[in-house]
Structure formats: C-alpha cells, structure tokens
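Colleague: In this note's numbering, the protein residues as written are 26 to 439.
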Amino acid sequence: MERPRSAHRLVLGGSLIMLLSMVLVNLFNFAYNVFMARVLGPAEFGHINAAVAVLLIASCVSLAFQLVCAKFVARNAAPGGKAWVFQSLQRKSWMASLALGSALFLAQKPVAAYLNLPNSWIVGVLAIGIAVYAPVGVKRGAMQGLCLFPRLGGNFVVEALTRFLAGVVLVLMGYGALGAVGAISAAVLAAYFLPPLPRQLRMHPEAGEPPSFAEALQAIVFFVGQVVISNIDILLVKHFFSAEPAGLYAAVAQVGRLLYFICWFGVVNVMFPVTAASARDDRRTHGLLTPLTLVLAISTLFVLAVAAAPHLIMEVVFGAKFTQTEGLLALYAGATALYSLSVVLIAYEMSRRIANTGWLQLLFAGAMVLVLEMFHGSLHEVVMVRIVLMLVMLAMVSFPFLRRRRQALTAEAV
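1. Considering only C-alpha positions, which residue in the set 264, 149, 424 is nearest to residue 141?
2. Would residue 343 pass as a contact of residue 116 if the rule is Cβ separation under 9 angstroms?
3. Select from 324, 100, 104, 85 the residue whose C-alpha is nearest the C-alpha of residue 288.
4. Is the beta carbon of residue 196 sitting closer than 9 angstroms to the one on residue 387?
5. Have a look at residue 44 and residue 393 and give me their C-alpha separation to the nearest angstrom.
6. Touch check for the stretch 103 to 118 and the stretch 141 to 157: three-plus C-beta pairs under 8 angstroms?
7. Please report the straight-line C-alpha distance between residue 26 and residue 373, rounded to a whole angstrom.
8. How far does the alpha helix (DSSP H) with residue 132 in it extend, from its first residue to its last?
9. Answer with yes or no whether the minimum CB distance from residue 364 to chain B is below 9 angstroms.
10. Whole angstroms is fine: what's the gap from residue 191's alpha carbon to residue 421's?
11. Use the C-beta contact count for residue 102: other C-beta atoms within 10 angstroms, 16 or more gives buried, fewer gives exposed.
12. Below 6 angstroms CB to CB, which residues in the same chain sit around residue 152 once its five sequence neighbours on both sides are set aside?
13. Out of 215, 175, 156, 389, which has the shortest C-alpha to C-alpha gap to residue 248?
14. Using a Cβ-Cβ cut-off of 6 angstroms (strictly less than) and excluding sequence neighbours within five positions of residue 204, which residues of its own chain qualify?
15. In three-state DSSP terms, what is residue 61?
16. Flag this pair as touching only if the stretch 131 to 140 and the stretch 159 to 177 have three or more C-beta atom pairs under 8 angstroms; answer yes or no.
17. Between residue 157 and residue 213, is the Cβ-Cβ spacing less than 9 angstroms?
18. Whose C-alpha, out of 335, 423, 99, is nearest the C-alpha of residue 363?
19. Out of 94, 418, 260, 277, point me to the one whose CA is closest to residue 356's CA.
20. Closer than 8 angstroms by C-beta to residue 349: which residues in its own chain qualify, once you throw out the five before and the five after it? Chain order, please.
21. What residue range does the alpha helix (DSSP H) around residue 140 cover?
22. Mark residue 89 as exposed unless 16 or more other C-beta atoms lie within 10 angstroms of its C-beta, in which case mark it buried.
23. Is residue 53 buried or exposed, if buried means 16 or more other CB atoms sit within 10 Å of its CB?
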C-alpha cells in the first residue's frame, strides 16, 4: 500500500510545480495573443492562428516521441539505461522532424492557398520550427521520465517567453503576421537549447528496456487523434469562413483551449511517468483518482468563470472587436472540459498497457473532420458538433474503467 501513497504525493507535488509553470506559460501566451490581436486585428490574427494550428497538428510527431521517451526513461531503473533511451530516440527524432519540416516547406504554396493565407512564406517560416520540434519532444520526455518537473516546466516557460518577446519585436519592426510566425519558430529553437540537458542524460549509455514498435504506434495514434480534435476546427473554419469570423473563432478557441493546456501540462504530464513506473494491476486504477479529481475541479471552475463574464473576458483579452462571439466561449470551454476528462483516462491506460482507447480517439478525430465538413452553417453549429462528439467519446472511454473497477470490487468481495 506504500507505493500508491508515494505516487499520490509525487503527482500532487509535480502537478503543483507544473501548474505554476503553466501559469507563467499561459501568461506569456496570452500576452502574445493579446498583442497580436490588438495590433493586427481579427483578420491577421486568424492568419497567425491558422499557422499555430498547423504547428500543433505537426506536433503529433513531437508529442509521440515525448510520450514514448517519458514512459521508457521512467521504466529503466539504471541511469545508463535512461541515457540510452534518450540518445536512441533523439537520433530518430531528428530524422522524422527534418523530413516533416522539409515536406511542409516544399508544400508551402498549396497549404497557404487552402488556408487563405496572404503570404506562403508564413508556412515556409513555420516549417523551420517544425524541423526541430521532435527533438524538443524527446528532451521534454526525458525530463518528464526523470520527474525533473522544475526543469521541464522551465523549458515550456523559455519557449513561451521567447515567442512573446520575439513576436513583439518582429511585429513592431513591420513584419506583421509573418513576424509573429517567425517568433514561433524562434521559440522552438530556444526550447531545444534551454535549459541544458541534465547530467543524467549525458552519461555513458547502457542498453536497457527499448521502446517497442507497439508503444511508438500507440503514441502516434494518440497524438494524431489529439491534435486533430484540438485544432482541425480552426483550420476548417479558416477555410469555410471569411477572415473576420475565422479570427473571432480563433480567439474563442484560444481562451477555451487554455483549459486543456492547464490540464494536460499541469496534471496529465505529471501523472504519466508516475503511473508508468508503478506496479501494474489491470483490475486496479491506482494513481487515477487524484489527477481525475484535479482535472474535474479545474474544468468546473474554468467553465463557470467564462460563462459568468464572456464578453468582459474577450474585451479585456483581445479588445472590443472580439466581443461579438454569440455566447460561444462557455460552449467551447464545456467541450474542452469533456475532452480533458477523456484524455486523463486515455493517458492513464496508455501509461500502463497498450491501450485501445487511443484508436477510439482517432476514430472520433476522423468523425469530427467528416461532420464539420457537413455541418458548418455557423460558428455556433461548429462548437455544438464538438460538444456532442466529446460527450459521446467521454462515455465510451469511461466504460473500460468502470468495468475493471467492478471486477476489482467483485474480486475483493470474494
């Protein structure tokens, strides 16, 4: 019984550190978005957020490397084995990231045309950051697997601060949306170098438990589903709507997705290495109640806050031009809350076994694309599609846990 209590304390302590880091990250991110929205207006703000959505979709590769690295660094007990996992995945991540960045750079004109961007170099500059993003993910995964949460949180802060400062400078120099996107790529480069690698990852490697193909496939499936669900609506709205409503929707999504970033970085990132390193019992759910309760509490408070003063929030953050959001903010936050709860369950299962729920999430990601292609008559309709799909997905990913919990209670009774 000692291990669950230790895991409980580690999740709470790590979550506190990561939540404090995420406060700084979100302050810098919001400062970046507020500056861009107020200085450039809804249309150019929509261009910037379309580029951000492309980056986040491409980040499924980086996040997959991070998840696999965190899981196997945590599982390898020997320090040399942890270094071996990191160095092996770092080499592979460079190959994947350079290939992805090169492909996007070569396809910058058709991508820019689909997203109605005024300058294809917005995509080209973004490709530079994407070419480095997977190695950044491996670095973060190694720090996560070592439970070096202050260093991991600092890495996210470095990226957010660099994006804000470089973005302000480049926009004031007259580069507009192109400069704002250039700051995004500069921030990825800064995150690769700072903070320096911890000593544990620079030591002589010794062969340990290697990441399996099944683990890598599971991570890719999970993050492809995640980034599609989190970002595809922004790209489709940018394609189907004119610049002004697309910019308004991007602003609503920025506020609504803040909830997901808090839950993911502040809670799930801490839970994952702790539960991955713990003893596995398929009938039990040790270490799940604490993160699930935290995410539920954070989500409830967030949704209530944005429902109480949506126009005030939008005006204070983005300016008077962004207040005509037709009550979308609370609805979008509600959809994000449902999704955040699903992700806690999926990530917990992935930390302990090969999970089928990742494939279920991918199925819902595809369903979101198809349904939004058919139903996008208004911004309100787009958000309602998200709510319905996320509610159904939460019910479906909860079923395996309820079944195992019932089995555990039955076994204890016997």
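Using N, Cα and C, we set each Cβ at its ideal position, and we do this for glycine too.
Modeller: Inspection of the coordinates gives the following:
1. Walking along the sequence shown from the start, residue 141 turns up at place 116. Answer by Cα proximity: 264.
2. In the sequence shown, residue 343 corresponds to position 318, counting from 1. In the sequence shown, residue 116 corresponds to position 91, counting from 1. No.
3. For the purposes of this step, residue 288 is identified with residue 263 of the sequence shown, where counting begins at 1. Comparing alpha carbon positions, the residue from 324, 100, 104, 85 closest to residue 288 is 324.
4. The residue you call residue 196 lines up with position 171 of the sequence shown. The residue you call residue 387 lines up with position 362 of the sequence shown. With contacts defined by Cβ atoms closer than 9 angstroms, residue 196 and residue 387 do not form a contacting pair.
5. By 1-based counting over the sequence shown, the position of residue 44 is 19. By 1-based counting over the sequence shown, the position of residue 393 is 368. Distance between the alpha carbons of residue 44 and residue 393: 30 angstroms.
6. Between the stretch 103 to 118 and the stretch 141 to 157, the count of C-beta pairs closer than 8 angstroms stays below three; the two stretches do not touch.
7. Within the sequence shown, residue 26 is the residue found at index 1, counting from 1. Within the sequence shown, residue 373 is the residue found at index 348, counting from 1. The predicted position of residue 26 is uncertain, since its pLDDT is 38 and thus under 50; a value taken from the coordinates is nonetheless stated next. Take the alpha-carbon of residue 26 and the one of residue 373: they are about 19 angstroms apart.
8. Your numbering for residue 132 matches position 107 in the sequence shown. No alpha helix (DSSP H) holds residue 132; DSSP gives it neither H nor E.
9. No chain B is present in this structure, which holds just one protein chain.
10. Stepping through the sequence shown from its first residue, residue 191 is reached at position 166. Stepping through the sequence shown from its first residue, residue 421 is reached at position 396. C-alpha separation (whole angstroms): 43 angstroms.
11. Here residue 102 refers to the residue found at position 77 when the sequence shown is read from its first residue. Burial call: exposed.
12. If you number the sequence shown from 1, residue 152 lands on position 127. Same-chain partners within the cutoff: 126, 129, 130.
13. What you label residue 248 is simply residue 223 of the sequence shown in a count that begins at 1. For residue 248, the closest alpha carbon among the candidates 215, 175, 156, 389 is that of 389.
14. Indexing the sequence shown from 1 puts residue 204 at position 179. Contacts found: 195, 196.
15. Within the sequence shown, numbered from 1, the residue matching residue 61 stands at position 36. In the structure shown, residue 61 adopts helical secondary structure according to DSSP, grouped into three states.
16. By the Cβ rule, the stretch 131 to 140 does not count as touching the stretch 159 to 177, because fewer than three pairs are nearer than 8 angstroms.
17. Against the sequence shown, residue 157 aligns to sequence position 132. Against the sequence shown, residue 213 aligns to sequence position 188. Yes, they are a contact pair.
18. Numbered from 1 along the sequence shown, position 338 holds the residue referred to as residue 363. Among 335, 423, 99, the Cα nearest to that of residue 363 belongs to 423.
19. For this step, residue 356 is matched to residue 331 along the sequence shown. Of 94, 418, 260, 277, the residue nearest in Cα terms is 277.
20. On the sequence shown, position 324 is the one that residue 349 refers to. Sequence-distant partners of residue 349 (beyond 5 residues in either direction) whose C-beta falls short of 8 angstroms from its own C-beta, in its chain, are 273.
21. As a working note, residue 140 is residue 115 in the sequence shown. For residue 140, there is no enclosing alpha helix (DSSP H), since its DSSP letter is neither H nor E.
22. As a first step, residue 89 is located in the sequence shown; it is residue number 64 there, counting from the start. Of the residues assessed, residue 89 falls on the buried side of the cut-off, its CB having 16 or more other CB atoms within 10 angstroms.
23. Along the sequence shown, one-based indexing puts residue 53 at 28. With 16 or more neighbouring CB atoms inside 10 Å of its own CB, residue 53 falls in the buried class.
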